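Following: one structure in structure tokens, then a few remarks.
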């Protein structure tokens with residue numbers, strides 16, 4: 023018999039070792055993948071792909087503050103030079119003259135393929151005469167310096183047309199030869215990482231390289247480095263969640279350990295009691311890693327909460343089972359087992375969620391709680407010594423019983439309280455839920471403000487609203503972008519939008535390039551037309567020979583390709599606005615709002631693009647789409663939670679075989695959820711998905727309390743009720759303290775759980791006690 027006694031512990035150690043291996047090899051993520059549905063729509067797929075893998079996710083904006091402009095420029099040059107030698111970066115731009123010269127050379131070399139004014143009419147005799155005359159007038163103006171140097175090779179001014187189209191004058195301010203902020207107090211750089219923004223490990227490595235390059239540039243004058251961008255936010259969010267989870271877990275554990283030490287008066291007993299907690303957390307993470315292939319940061323943050331319920335099982339074991347024997351011992355474990363099953367039913371409702379984040383939380387909770395309960399039931403009894411050192415807790419239970427008997431008189435107010443809370447929630451139903459995804463963001467407002475400031479200084483486009491064209495190949499996507507741009511030009515003229523950006527401005531489709539090249543006549547014909555066009559303009563035909571030669575070369579040149587943009591700033595733009603994903607090519611056209619408007623009329627834009635619409639051309643407002651994703655996430659979570667509550671009711675009806683007993687168990691839990699929700703609303707808090715998960719935890723933890731009171735009412739002959747009541751008080755104190763610490767977290771994910779579960783579980787115990795039937799001993803008092 024002794025041989026079989028150790029089977030449970032040995033099996034537990036083996037499974038624990040396997041779980042540890044899985045956890046060590048698991049992949050962890052902090053990107054938006056948890057908010058992407060398993061079967062997303064076309065627009066949702068495009069949006070999240072762009073946020074995770076698009077160029078925007080790979081840009082790190084770098085600011086250098088302090089000292090004088092010359093010092094900042096020197097450090098900017100040094101940092102840029104060092105980073106360009108690192109394979110982790112595709113490009114590093116800081117506005118140096120050399121990069122601007124490359125851009126001008128590329129525009130000049132491909133001007134006939136890039137200029138939108140290159141048409142057959144432009145190269146007619148009349149068109150040539152008008153273009154050359156306009157260029158001559160520009161030469162006489164203060165802005166004619168560049169035109170004068172280009173006149174002999176480009177008398178029609180195509181280079182200036184391209185520069186004007188690209189809006190070069192709207193670029194960042196330059197100070198001491200490098201980009202700077204609008205007030206000249208900060209030097210600016212843009213680094214494009216090779217890794218996508220969702221690869222937080224690679225982004226962290228890139229940030230470390232930037233900091234090293236800055237440190238080695240010998241600032242020496244109190245300079246400060248500022249970093250921002252999606253990748254930076256991802257790394258900082260992961261670090262914040264990890265730091266807060268560890269810090270608060272240690273604080274919660276310290277308080278709980280201190281409390282339990284006062285009760286157990288034995289360090290070995292305490293360590294034994296924490297084994298279910300550790301086992302449950304490890305099992306939960308391993309189950310998620312095996313089930314989803316990746317563990318999201320939200321799930322890891324949620325792991326802190328497992329302490330709150332799984333520690334209760336060992337408390338019940340140590341305190342109640344010492345004197346329970348025979349039928350009472352079996353009843354104890356039936357009650358605990360039913361409490362575990364109610365928790366499992368609640369969290370099982372999250373498993374079919376179409377959002378991986380919600381399903382991960384469900385799987386983590388179920389596997390963790392089952393593991394903790396199993397270890398408490400079949401492993402701990404085999405490991406515990408015969409005599410447990412513990413304070414005599416019967417007096418505490420008796421005192422609590424007498425206090426409860428006197429408090430019964432206030433139970434009459436619970437029904438009016440429930441009705442009042444229900445009315446308040448109904449009255450505030452339209453403002454009850456916060457459907458803004460930013461409510462879950464751990465990014466500080468100061469960091470968001472810095473990002474907005476640096477983007478504005480760099481002249482980055484407003485990517486709040488996007489037009490996206492999609493096609494099977496690159497050229498089709500570019501052609502669709504050109505068609506969309508033609509319609510957007512009309513919206514710019516009418517003031518619906520302030521402007522837009524398009525990759526076709528510096529990488530037109532091959533069809534457009536070929537049409538422009540075909541507009542340039544062969545050299546003999548061009549010379550004949552030019553001979554007539556310059557009459558009366560005072561221009562010698564001989565001086566325009568470079569124009570004739572280069573126009574002929576451009577007429578037969580190969581189309582401009584993405585490879586030709588390498589080394590210029592246009593390469594960055596091409597990668598930002600044209601990308602390949604999901605076996606299709608996508609061209610992005612970010613829209614800018616009119617100067618006097620706060621937003622863009624999406625319906626007008628959609629109507630203008632309607633002839634091109636379908637799955638090939640989409641109009642997206644990023645904030646609206648992200649909030650719609652989260653809104654769907656939240657709506658589904660509410661629906662599934664209600665299904666979980668229904669499953670719990672059915673389970674209790676089957677197990678208790680009594681409608682009255684089931685109502686007695688469910689009523690205090692629902693009342694606790696109502697009161698906590700109303701309290702949050704009164705405090706000005708709008709509920710998020712994490713508050714909803716907290717309500718599930720109130721039911722999961724509180725069901726144990728209600729079931730113990732139900733068992734007391736159903737079996738009044740038990741002799742261990744004072745110990746049972748003492749164990750409930752101690753377990754509740756541990757839960758309230760553990761979750762109460764979370765309420766002060768700097769991460770919304772954790773603080774929402776603390777604000778909900780700490781008061782909710784306290785109220786669940788109180789209401790379960792007040793709603794329990796009075797027994798004979800109470801009546802006699």
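Residue numbers (this note's numbering): 23 to 803.
Backbone N, C-alpha and C fix where the C-beta goes; we use that ideal spot for every residue, glycine too.
Note that the structure is a prediction, hence the values are computed from the model and not measured.
| query | result |
| --- | --- |
| How would you call residue 608, buried or exposed, if buried means at least 16 neighbouring beta carbons within 10 angstroms? | buried |
| Which residue comes first and which comes last in the beta strand (DSSP E) that contains residue 87? | 81-87 |
| Going by DSSP, what residue range makes up the beta strand (DSSP E) through residue 603? | 600-603 |
| Return the bridge partner residues of residue 212 from the DSSP annotation. | 83 and 115 |
| Which residue or residues does DSSP assign as beta-bridge partners of residue 195? | 202 |
| Could you check what DSSP says for residue 247 in three-state terms: helix, strand or coil? | strand |
| On the DSSP bridge assignment, give the partners of residue 268 in chain order. | According to DSSP, which records beta bridges pairwise, residue 268 is partnered with nothing at all. |
| Just curious, the beta strand (DSSP E) that residue 642 is in, first and last residue? | 639-643 |
| Could you tell me which residues DSSP puts in a beta bridge with residue 318? | 51 |
| To the nearest angstrom, how far is it from the Cα of residue 336 to the Cα of residue 281? | 14 Å |
| Thinking C-beta only, is residue 215 closer than 9 Å to residue 224? | yes |
| Can you grab the Cα-Cα spacing for the pair residue 531 / residue 537, in whole Å? | 10 Å |
| Since residue 721 is in the alpha helix (DSSP H), which residue starts that stretch and which ends it? | 711-736 |
| Output the distance between the C-alpha atoms of residue 385 and residue 260, rounded to the nearest integer angstrom. | 21 Å |
| Helix, strand or coil: how does DSSP classify residue 236 here? | helix |
| Looking only at its chain, what residues have a beta carbon closer than 8 Å to the beta carbon of residue 681, apart from the 5 residues adjacent to it on each side? | 675 |
| Thinking C-beta only, is residue 470 closer than 9 Å to residue 252? | no |
| With DSSP as the reference, label residue 490 as helix, strand or coil. | strand |
| Restricting to Cα atoms, I'd like to know which of 573, 454, 765 and 276 is closest to residue 704. | 454 |
| Skipping 5 residues on each side, what residues in its chain have a beta carbon closer than 8 Å to that of residue 517? | 616 |
| Using beta carbons (cut-off 9 Å, strictly below), is residue 300 in contact with chain C? | Judged by its chain identifiers, the structure shown contains no chain C, having just a single protein chain. |
| At 4 residues or longer, what runs of the alpha helix (DSSP H) sit wholly inside the stretch 540-612? | 545-555, 567-577 and 591-599 |
| Buried or exposed: which applies to residue 553, given that a residue is buried once 16 or more other Cβ atoms fall within 10 Å of its Cβ? | exposed |
| Reducing DSSP to helix, strand and coil, say where residue 430 ends up. | helix |
| Quick one, which of 716, 711, 691 and 79 has its alpha-carbon nearest residue 724's? | 691 |
| With a threshold of 16 other CB atoms inside 10 Å of the CB of residue 766, please say whether the residue is buried or exposed. | exposed |
| If contact is defined by three or more beta carbon pairs under 8 Å, each pair taking one atom from either stretch, is the stretch 636-647 in contact with the stretch 357-365? | no |
| For the structure I just gave you, are there three or more beta carbon pairs, one from the stretch 502-511 and one from the stretch 104-117, closer than 8 Å? | no |
| Using only alpha-carbon positions, find the residue among 47, 785, 31 and 84 that is nearest to residue 474. | 84 |
| Hey, would you say residue 393 sits closer than 9 Å to residue 289, going by beta carbons? | no |
| Have a look at residue 666 and residue 29 and give me their C-alpha separation to the nearest angstrom. | 35 Å |
| Between the alpha carbons of residue 751 and residue 780, how many angstroms are there, rounded? | 14 Å |
| Work out the CA separation of residue 679 and residue 715 for me, nearest whole Å. | 29 Å |
| Tell whether a beta-carbon distance below 9 Å holds between residue 490 and residue 270. | no |
| Could you pull out every residue in the same chain whose Cβ sits closer than 7 Å to the Cβ of residue 257, ignoring the five residues on either side in sequence? | 222, 225, 226 and 229 |
| Buried or exposed: which applies to residue 244, given that a residue is buried once 16 or more other Cβ atoms fall within 10 Å of its Cβ? | exposed |
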